[in-house]
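Here the structure comes first, spelled out in structure tokens, and everything after it is commentary.
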Amino acid sequence: MTKKLLIALFVIGCLVPLGLAIGYSVFYSVGLAGLLSSGFTFDHWITLFGGEFLQSILYSIWVAAASTLLAMIISLTLLFTARKLFRSRNLYRALFLPLTIPPIVLAFVIFQLYSGAGLFSRLAFQLGFISEIQQFPALVQDPYAVGIIMAHVFLVFPFFLLVLLNLYEHEKLDQIEAVASSLGAGKRTILFQLQLPVLLRGMFPLIALYFIFFMGAYEIPLLLGQSSPHMISVLILENLQRYNLANIPVAHSMAVWYAALCIGTISWLFSRYRRKVAL
Amino acid sequence: MSKRLVAGFILLSFIIPFGLLLYLSFSTQWHYPSIVSHPFTTEQWAWFLTAGSELLQSAGLSVVLSLSVSLVATTGGFFASRAIAYYTKSRWWLVSAYFPYVIAPVVFAVMLNYYFLQLNLSGTLPGVMLAQLFITFPYAVIFFYGFWNRKIRDLENLVSTMGGDFKVVVEDAILPSAKGLLAVCFFQCYLISWFEYGLTQFIGVGKVQTLTIMVYRYVSEANPYLAALAGVLLVLPPLVLLFVNRKFLLQKVWSV
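Residue numbers (our numbering), protein chains in the order written: chain A, 1 to 279; chain B, 1 to 256.
Structure below.
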């Protein structure tokens with residue numbers, strides 16, 4: 001009896017809300033629910049692929065890919081060039097600092113650092129690099145999402161580095177390096193054919209997960225993103241809160257596609273990685 | 001030398017955001033192009049500490065909300081994960097716990113909002129609590145899943161064989177082994193709730209004014225000084241947790 005109750009608790013707390021949420025949005029998006037429902041139609045889904053949704057998806061993919069890639073490059077570079085530094089307890093502990101900043105606060109801080117009137121613009125002015133505020137490059141609310149990407153990288157690269165440091169130790173990569181070196185392997189061979197493949201295989205699920213998280217990011221793009229195109233979460237909210245009620249089914253269609261993408265990716269990850277993964 | 005430079009650069013890049021937040025919270029003017037504008041003032045902090053200030057109320061509300069959410073999510077997730085680990089065979093039970101967790105909370109809120117409106121939970125504290133539980137509960141299930149291993153099961157069987165009922169099994173076999181993890185999960189759920197903005201804003205329709213909502217409100221009102229103060233208040237608890245035990249901030253979540 002207790003068993004069934006506990007499983008029911010999981011179903012009620014986890015699966016039912018998800019099912020209800022997706023169900024309602026699917027119904028809304030095909031015209032079977034909502035204030036202006038006019039019967040079954042795929043019109044709202046078709047509208048998606050001709051408008052800002054595709055632009056937004058591409059923009060979100062760009063931001064997520066650039067953020068994840070940059071965070072990985074920085075953490076891998078630090079791992080291979082300055083690994084010994086992190087044996088210092090204080091520096092290792094410092095890697096946890098970015099984890100203490102909520103995204104909305106980080107977005108605010110990045111704005112105060114990199115906007116035209118921000119700290120770095122002031123520094124550039126004081127050092128004589130610029131003579132007026134307009135000369136400072138647009139690093140926030142810019143077309144290439146530089147501000148958003150910087151915020152994401154700041155949040156995640158220390159975490160990636162922490163995982164990589166643990167993985168490096170766990171996989172005994174320094175010993176592998178010593179053995180390979182004694183067998184005559186060069187530094188490049190050891191790095192690209194031994195160490196990197198092991199690390200990337202271990203990190204892949206985490207990278208995929210963060211790619212999804214970044215694609216759906218809301219708070220940071222809300223403050224640091226430009227007015228168009230929007231990241232997908234911001235676009236969904238904007239469509240929902242516009243005065244035109246006809247946009248609501250479109251917002252639900254976007255939400256359905258986005259949720260399907262998240263669920264599909266996670267399912268694929270778990271089907272591919274049957275063994276323990278470093279999530 | 002260059003490694004020291006790297007270390008210094010990393011430390012500086014981590015410290016500058018905190019320094020800027022703190023600086024702005026003690027300032028009322030930061031005119032371009034000055035790097036530091038005087039005077040420094042404790043005006044905002046004094047206002048915050050005044051009984052009845054909206055930011056103090058907001059901080060109190062955030063604490064109550066996050067404590068309640070993390071308590072329920074940790075307790076529920078702990079026992080639900082036991083049921084999933086012991087009594088289900090398909091790994092898709094666990095995988096399904098990841099689904100609500102990976103969808104952006106604000107999008108999840110959009111999809112769920114209809115039900116909150118129907119139940120008159122939209123714009124209420126219980127509504128926001130429930131909505132946050134829909135994210136933290138699956139997280140707790142995922143977190144605890146790996147705890148239910150062969151060793152714990154053997155321990156439970158031992159206590160049962162000696163005549164202990166489920167209550168005794170929980171008190172004498174499970175809880176002593178799980179104490180540390182329960183604390184870690186509690187604080188991680190606390191942080192998920194404490195950091196949450198999008199879902200809280202959407203389900204709370206701006207009426208449930210947690211600290212994250214206040215940060216955005218002050219930013220929208222072009223008041224970076226109060227936004228910074230609210231930011232400092234948001235950053236303080238995680239910093240304390242980091243100081244006490246960094247595991248409270250980051251713990252590898254087990255998986256299948």
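Backbone N, C-alpha and C define an ideal beta-carbon position, used for all residues, glycine too.
- Nearest to residue 86(A) by alpha-carbon distance, out of 214(A), 198(A), 255(A) and 165(A), is 165(A).
- CA-CA distance, residue 2(A) to residue 85(B), rounds to 14 Å.
- About 17 Å separates the beta carbon of residue 9(A) from that of residue 99(B), a gap too long to meet the 8 Å contact definition.
- Residues of the region 202-217 of chain A with a Cβ closer than 9 Å to any Cβ of chain B, in chain order: 205, 209, 212, 213, 215, 216 and 217.
- Using beta-carbon distances, residue 225(B) does not count as an interface residue toward chain A, since no partner is under 8 Å.
- Unbroken alpha helix (DSSP H) stretches of 4 residues or longer found wholly inside the region 101-189 of chain B: 105-118, 125-145 and 150-161, given in chain order.
- Within the region 199-211 of chain B, contact with chain A at the beta-carbon level (separation under 8 Å) is assigned to 202.
- If the five residues before and after residue 22(B) are omitted, its C-beta is found closer than 7 Å to the C-beta atoms of 232, all from its own chain and listed in chain order.
- Each residue's CA atom was taken as its position, placing residue 171(B) and residue 66(B) some 26 Å apart.
- Assignment of residue 88(A) by DSSP, reduced to helix, strand and coil, places it in the coil class.
- In the structure shown, residue 27(B) falls within a strand segment according to DSSP collapsed to helix, strand and coil.
- Leaving aside the five residues that flank residue 215(A) on each side, the residues in its chain whose CB is nearer than 6 Å to its CB run, in chain order, 60 and 64.
- Taking 8 Å as the threshold, the shortest C-beta distance from residue 60(B) to chain A does not fall below it.
- Remark: C-beta atoms of residue 110(B) and residue 20(A) do not approach each other more closely than 8 Å.
- Rounded to whole angstroms, the Cβ separation of residue 143(B) and residue 77(B) is 7 Å, and the two are in contact under 8 Å.
- For residue 192(B), no Cβ of chain A is located within less than 8 Å of the residue's own Cβ.
- Spatial neighbours of residue 106(A) in its own chain (CB-CB distance under 6 Å, excluding positions within 5 residues in sequence) are listed in chain order as 151.
- Residue nearest to residue 153(B) within the set 16(B), 87(B), 56(B) and 186(B) is 87(B) (criterion: CA-CA distance).
- Approximately 7 Å separates the beta-carbon atoms of residue 231(A) and residue 56(A); this is inside 8 Å, confirming the contact.
- DSSP, read as helix, strand or coil, puts residue 214(A) in helix.
- Within the region 67-96 of chain B, those residues whose Cβ lies closer than 9 Å to any Cβ of chain A are, in chain order, 73, 76, 77, 79, 80, 81, 82, 83, 84, 86, 87, 88, 91, 92, 93, 94, 95 and 96.
- Annotation for residue 121(A): 136 place their beta carbon closer than 6 Å to its own, counting only its chain and skipping 5 residues before and after.
- Within chain A, no C-beta atom comes nearer than 7 Å to that of residue 151(B); the closest sits roughly 17 Å away.
- Only those residues of the region 3-18 of chain B whose C-beta falls short of 9 Å from the nearest C-beta of chain A are listed: 3, 4, 6, 7, 10, 11, 13, 14, 15, 16, 17 and 18.
- Contact annotation, residue 72(A) with residue 211(A): C-beta distance approximately 11 Å; criterion of less than 8 Å not satisfied.
- Rounded to the nearest angstrom, the gap between the Cα atoms of residue 47(A) and residue 235(A) is 14 Å.
- Put simply, the CB of residue 48(B) is far from chain A, with every gap to its CB atoms at 8 Å or more.
- Not one beta carbon of chain B lies nearer than 8 Å to the beta carbon of residue 169(A).
- Per the DSSP secondary-structure output, residue 40(B) pairs in a beta bridge with 27(B).
- At a cut-off of 8 Å between C-beta atoms, residue 129(A) does not count as an interface residue with respect to chain B.
- The distance from the Cβ of residue 197(B) to that of residue 213(B) is about 7 Å, consistent with a contact at the 8 Å cut-off.
- Considering only 251(A), 99(A), 52(A) and 108(A), the residue with the shortest C-alpha distance to residue 220(A) is 108(A).
- Under the three-state reduction of DSSP output, residue 59(B) falls in the helix class.
- The count of Cβ pairs closer than 8 Å, one atom from the region 124-132 of chain B and one from the region 34-53 of chain A, stays below three, leaving the stretches out of contact.
- Inter-segment contact for the region 102-121 of chain B and the region 43-52 of chain B is absent: fewer than three beta-carbon pairs are separated by less than 8 Å.
- For residue 271(A), the uninterrupted alpha helix (DSSP H) run begins and ends at 247-272, by DSSP.
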